[in-house]
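Participant:
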Amino acid sequence: MNVLTVGLRSKPLGLASQAQRLGFRGLWTLNRLANSQKTGPGGHEGHQHSHSGREHEHSHSESHSHSHSHSLLGHSHSHSAADNVLLQESGGLRNPAIRITWIGLLTNLGMAVGKGIGGVMFHSQALLADSVHALSDLVADFMTLATVTVSKRSPTEMFPYGFGKVETLGTVGVSGLLLLAGVSMGWNGLFTMLFHCFDNLPSWVEMLANVGGHHHHHATDGATNLNAMWLALGSIGIKEWLYHATMRVANRTGSTVLVANAWHHRVDSLVSVVAVATIGGGYLFGIQWLDPLGGLIVSSIIAHAGYTTAKTATIELAGGKGRMDAERHAEEAEKVRALLQGSGFELSKVELMPSGANYSSIVQLAPMSAERTLQDFDRTAHHLKHQLYADSSLKRLDITLRHE
1 MNVLTVGLRS
11 KPLGLASQAQ
21 RLGFRGLWTL
31 NRLANSQKTG
41 PGGHEGHQHS
51 HSGREHEHSH
61 SESHSHSHSH
71 SLLGHSHSHS
81 AADNVLLQES
91 GGLRNPAIRI
101 TWIGLLTNLG
111 MAVGKGIGGV
121 MFHSQALLAD
131 SVHALSDLVA
141 DFMTLATVTV
151 SKRSPTEMFP
161 YGFGKVETLG
171 TVGVSGLLLL
181 AGVSMGWNGL
191 FTMLFHCFDN
201 LPSWVEMLAN
211 VGGHHHHHAT
221 DGATNLNAMW
231 LALGSIGIKE
241 WLYHATMRVA
251 NRTGSTVLVA
261 NAWHHRVDSL
271 VSVVAVATIG
281 GGYLFGIQWL
291 DPLGGLIVSS
301 IIAHAGYTTA
311 KTATIELAGG
321 KGRMDAERHA
331 EEAEKVRALL
341 QGSGFELSKV
351 ELMPSGANYS
361 SIVQLAPMSA
371 ERTLQDFDRT
381 AHHLKHQLYA
391 DSSLKRLDIT
401 LRHE
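Quick note on numbering: full-length UniProt numbering labels position 207 of the sequence shown as 207, and the sequence is numbered without any gaps.
1. Apart from the five residues just before and just after Ala250, which ones in its own chain have a Cβ nearer than 7 Å to its Cβ?
2. Hey, could you find the ends of the beta strand (DSSP E) Gln364 is sitting in?
3. Per the contact definition of three or more C-beta pairs closer than 8 Å, is the region 162-175 in contact with the region 290-302?
4. Here's the rule: buried if 16 or more other CB atoms are within 10 angstroms of the residue's CB, otherwise exposed. What is Met158?
5. Taking Glu332 as the reference, give the member of Met121, Ala303, Ile362 with the closest Cα.
6. Taking the continuous alpha helix (DSSP H) assigned at Arg396, which residues delimit it?
7. Could you tell me which residues DSSP pairs with Leu180 in its beta bridges?
8. Tell me the residue span of the alpha helix (DSSP H) that contains Pro354.
9. So, for Ile100: in the same chain, excluding its five sequence neighbours on each side, which residues have a beta-carbon less than 7 Å away from its beta-carbon?
10. Smallest Cα separation from Trp102: which of Ile117, His133, Val148?
11. Tell me whether the beta-carbon of Ile302 lies closer than 8 Å to the beta-carbon of Gly116.
12. State the start and end residues of the unbroken alpha helix (DSSP H) segment that holds Gly342.
13. Use the C-beta contact count for Arg266: other C-beta atoms within 10 angstroms, 16 or more gives buried, fewer gives exposed.
14. Helix, strand or coil for Asn95, going by three-state DSSP, please let me know.
15. Determine, using beta carbons only, whether Leu339 and Gln375 come nearer to each other than 8 Å.
16. Roughly how many angstroms separate the alpha carbons of Ser61 and Met353, rounded to a whole number?
17. Helix, strand or coil: how does DSSP classify Phe191 here?
18. Where His47 and Arg379 are concerned, what is the direct C-alpha to C-alpha distance, given to the nearest angstrom?
19. What do you reckon, are the CB atoms on Val276 and Ala232 nearer than 8 Å?
20. Leaving out five residues on either side along the sequence, give the residues of the same chain with a beta carbon under 7 Å from the beta carbon of Gly189.
21. With 16 other CB atoms within 10 Å as the buried threshold, where does Ala112 fall?
22. Closer than 7 Å by C-beta to Ala140: which residues in its own chain qualify, once you throw out the five before and the five after it? Chain order, please.
23. Taking the alpha carbon of Leu284 as the point to measure from, which residue in Met185, Ala310, Met368, Met229 has its own alpha carbon closest?
24. Just to check, is the beta-carbon of Met143 closer than 7 Å to a non-hydrogen atom of the ligand SAM?
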């Protein structure tokens with residue numbers, strides 16, 4: 001592979017083959033000759049060129065930053081997305097992710113107060129326990145709110161790829177709480193089942209059962225249980241609405257932390273379903289083992305959701321492609337190919353790197369003929385930049401040139 005390394009913008013790409021014949025000394029000489037020219041034919045109006053070694057910077061009158069580099073590894077073109085007004089909806093409640101998180105937070109607070117009052121009025125230990133659990137959900141809500149707010153900030157010099165990884169970090173935390181809730185509920189349900197199946201269990205088994213820390217205690221008074229059941233039914237409706245509303249925003253914005261928080265709402269909904277089944281079954285049929293059985297089923301669903309979300313976020317934090325699957329890559333490649341029609345360049349490869357709800361893209365182009373110039377490449381790169389940045393989730397775009 002011959003790689004273009006000359007800094008003179010108006011020379012044809014065929015210079016790379018001359019550099020190859022001259023060897024490394026000739027390659028270095030061509031660079032020196034190219035860099036010695038302050039301006040060249042076909043330069044861009046409004047550009048200021050400052051050459052240093054194998055790199056030079058471009059300063060545009062437009063409100064975006066642009067960098068150009070030439071090296072033995074190729075020719076690269078980078079743009080910062082800080083100027084894109086479509087990238088940010090950080091205006092507080094105008095941002096749908098922040099708005100739905102605030103709705104969930106205030107709902108959890110209201111339900112915690114309501115269930116607490118109901119637990120005292122109806123003498124229901126189950127409602128009092130759910131009230132405490134609703135308060136614990138506020139931790140996940142505040143964590144989600146903080147990460148969503150920070151992740152929407154514009155890229156800075158210290159964080160040129162944006163703050164999307166902050167959301168990924170928050171996703172690990174929220175999904176970790178989700179996983180912990182699932183394991184705790186399953187642990188408690190398993191040992192409760194043992195108590196129902198066996199009359200005489202060793203004392204150490206009861207000690208192990210208390211390790212989980214997630215317990216459901218239902219009063220035996222029929223009227224009290226029915227009153228608690230009505231509150232549980234209302235909780236199911238509210239939490240299911242929150243789950244679907246949060247998931248819609250998560251799917252629209254690509255936010256993994258919102259997915260994890262949506263599942264927190266689904267957890268509360270499923271727990272209430274188990275409570276209703278337990279109260280109804282106990283009141284109508286005297287069936288007491290429905291609670292631990294339902295708890296085991298629900299806990300497996302919760303734990304699986306927490307594990308899946310945490311795994312995806314951890315891969316993303318480690319620098320993996322994470323959610324950017326083959327289908328998304330194919331869509332992005334097709335979009336770039338359509339934009340390159342008639343430009344004299346073709347797509348060599350495209351790489352997408354997720355960063356929370358955002359992503360960065362590396363696009364490598366190859367000239368279709370040796371007559372293409374660096375000026376042509378620069379013009380094509382600018383065209384790609386303006387079109388691709390229409391996607392508000394794209395935080396950074398690096399365009400490189402490959403010459404064979």
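Even for Gly, the Cβ is constructed at its ideal location relative to N, Cα and C.
Facilitator: Concretely, from the data shown:
1. Leu258, Val259, Ala262
2. 358-367
3. no
4. Met158 counts as exposed, since fewer than 16 other beta carbons sit within 10 angstroms of its beta carbon.
5. When each option's Cα is compared against that of Glu332, the closest is Ile362.
6. Note, Arg396: premise wrong, no alpha helix (DSSP H); beta strand (DSSP E) at 394-401.
7. Looking at the DSSP assignment, Leu180 forms no beta bridge with any residue, so it has no partner.
8. Careful: Pro354 lies outside any alpha helix (DSSP H), inside the beta strand (DSSP E) at 345-355.
9. Closer than 7 Å at Cβ, skipping near neighbours: Ala245, Thr246, Val249.
10. Val148
11. no
12. Looking at the DSSP string, Gly342 is not in any alpha helix (DSSP H), and its letter there is neither H nor E.
13. buried
14. coil
15. no
16. Unreliable positioning characterises Ser61 in this predicted model, as indicated by a pLDDT of 34, which lies under 50. The coordinate reading is nonetheless provided below. Distance between the alpha carbons of Ser61 and Met353 is about 29 Å.
17. helix
18. Confidence at His47 is low in this model, with a pLDDT of 37, below 50, so the placement of that residue should be treated as unreliable; the coordinate-derived value is given next. Approximately 13 Å between the Cα atoms of the pair.
19. Contact flag set, yes.
20. The beta carbon of Gly189 sits closer than 7 Å to the beta carbons of Pro292, Gly295, Leu296, Ser299 from its chain, once the five residues preceding and following it are set aside; these are given in chain order.
21. By the 10 Å Cβ count, Ala112 comes out buried.
22. Counting only Cβ-Cβ distances below 7 Å, and skipping sequence neighbours, we find Val174, Leu177, Asn261, His264.
23. Met229
24. The ligand SAM is absent from the structure shown, which contains no ligands of any kind.
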